[in-house]
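Heads up, the sequence shown is in mature numbering (1 follows the signal peptide of the UniProt record, and there is no 0), so the first residue is 1 and it goes up one at a time. Note that the Cβ used here is the ideal one computed from N, Cα and C, for glycine as well. Okay, so here's the structure we're looking at.
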Amino acid sequence: APDTAATARARVPLTIGHRGVPVQAPENTLASIDRAARLGVRWVENDVQRTKDGKLVVIHDTTLTRTTDVKKRFPDRAPWKVGDFTLAEIRKLDAGSWFDRRFAGERVPTLDSYLRRVDHNRQKLLLEVKAPELYPGIERQLVAELRRTGWLDRRHVGGRLVVQSFNAASLRAFHGLRPEVKTGFLGAPKPAELRDYAKFADQINPDHTKVDAAWVRSVHGVKGPHGRRLEISAWTVDDPDRAVALARLGVDAIITNAPHVIADALEEA
Ligand code: G3P
Ligand code: CA
1 APDTAATARA RVPLTIGHRG VPVQAPENTL ASIDRAARLG VRWVENDVQR TKDGKLVVIH
61 DTTLTRTTDV KKRFPDRAPW KVGDFTLAEI RKLDAGSWFD RRFAGERVPT LDSYLRRVDH
121 NRQKLLLEVK APELYPGIER QLVAELRRTG WLDRRHVGGR LVVQSFNAAS LRAFHGLRPE
181 VKTGFLGAPK PAELRDYAKF ADQINPDHTK VDAAWVRSVH GVKGPHGRRL EISAWTVDDP
241 DRAVALARLG VDAIITNAPH VIADALEEA
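The following block contains the structure:
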């Protein structure tokens, strides 16, 4: 008899913690990936930007106001853009108290410290290059940082690292520099456009509300730059029923703010 249990198990999508586990710890911090590790979450997603003095840091918004105390510390620096502050200034900010006083003193991580911690935790990383149009040349800099921290070793490029962006030109540039690293385009291109993206993207990662059976079939029908079918990682799915529905549509991974909850729902479905 066919091994149906094994077959079903093989189709369970990966669960990826969006910015870590942001329902339990401040997003995009080392505390958030440590919390993910404690919960057994193997894949985490983050957002990478650049400081005024050219250092790569992990933060989602292009301004510092929502997730740090920058307005209190630097009241005269409106509109408080990430790229208008040096790393030394950003490292003075509290990136935890806005979430919960228990996380007071948490910092905006450098990409270097973040990569080392993910590695130490033996986690896998979906790294988003956020708003690269604001940071010319960030792709080359990212390659240098990945190389320096050991993330271009074979053990990583063999499936522990995906680089994604909403910006197709940036993703194409990154793929050109390091074609061996898996890449994901953030968006839901029409079927007729997929072949263009497949020249530089291994994954097409859509807003989950754009996903239906026909679209999944179209994406899976196209081969990416490494000769394998394109994969789909859908975001941001916090409703277990929707996650199970997406799994049944054949989505390859679910990006979620509650990875521990969604992983359980997918295993039990
Ligand atoms: O990983 C997908 C998702 O993170 C894209 O949207 O705004 O949360 O970066 P955003
Ligand atoms: Ca993101």
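Host beta strand (DSSP E) of Ala253 (start-end): Residue 253 sits at position 253 when you count from the first residue of the sequence shown. Where Ala253 is concerned, the enclosing beta strand (DSSP E) stretches over 253-256.
Nearest-angstrom Cα separation, counted from Arg148 out to Arg178: Translated into the one-based positions of the sequence shown, residue 178 becomes position 178. Translated into the one-based positions of the sequence shown, residue 148 becomes position 148. For Arg178 and Arg148, the distance between alpha carbons rounds to 14 Å.
Distance between Lys72 and Leu230 (C-alpha atoms, nearest Å): Taking the sequence shown and counting its residues from 1, the one referred to as residue 230 is at position 230. Taking the sequence shown and counting its residues from 1, the one referred to as residue 72 is at position 72. The alpha-carbon atoms of Leu230 and Lys72 are separated by roughly 46 Å.
Proximal residues to Lys55 (C-beta, below 7 Å), its chain only, five neighbours per side dropped: Residue 55 sits at position 55 when you count from the first residue of the sequence shown. Same-chain partners within the cutoff: Leu87, Thr110.
Distance, Ala263 Cα to Leu14 Cα: The sequence position of residue 14 within the sequence shown is 14, counting from 1. The sequence position of residue 263 within the sequence shown is 263, counting from 1. Rounded to whole angstroms, the separation of the alpha carbons of Ala263 and Leu14 is 8 Å.
Beta strand (DSSP E) segments (min. 3 residues) lying fully within the region 130-209: 161-165, 182-186, 203-205
Whole-angstrom distance between Asn121 and Leu146, CA atom to CA atom: Position 146 of the sequence shown, counted from the first residue, corresponds to residue 146. Position 121 of the sequence shown, counted from the first residue, corresponds to residue 121. Distance between the alpha carbons of Leu146 and Asn121: 17 Å.
Alpha-carbon spacing of Ile254 relative to Lys124, whole angstroms: Within the sequence shown, the letter at position 254 stands for residue 254. Within the sequence shown, the letter at position 124 stands for residue 124. In a straight line, the C-alpha of Ile254 is about 14 Å away from that of Lys124.
Contained alpha helix (DSSP H) runs [length at least 4] in the region 56-140, N- to C-terminal order: Segments of the alpha helix (DSSP H) lying fully in the region 56-140: 70-73, 87-91, 111-120.
Between the CA atoms of Thr68 and Ala6 - distance to the nearest angstrom: Within the sequence shown, residue 6 is the residue found at index 6, counting from 1. Within the sequence shown, residue 68 is the residue found at index 68, counting from 1. The predicted position of Ala6 is uncertain, since its pLDDT is 41 and thus under 50; no value can be drawn from it.
Contacts around Ser32, its chain only, beta-carbon distance under 7 Å, and the 5 residues preceding and following it disregarded: Position 32 of the sequence shown, counting from 1, holds the residue named residue 32. Around Ser32: Arg19, Gly20, Val21, Pro22, Ala25, Pro26.
Spatial distance of Val237 from Ala37 (CA atoms): Position 237 of the sequence shown, counted from the start, is the residue given in the question as residue 237. Position 37 of the sequence shown, counted from the start, is the residue given in the question as residue 37. When rounded, the distance between both Cα atoms is 20 Å.
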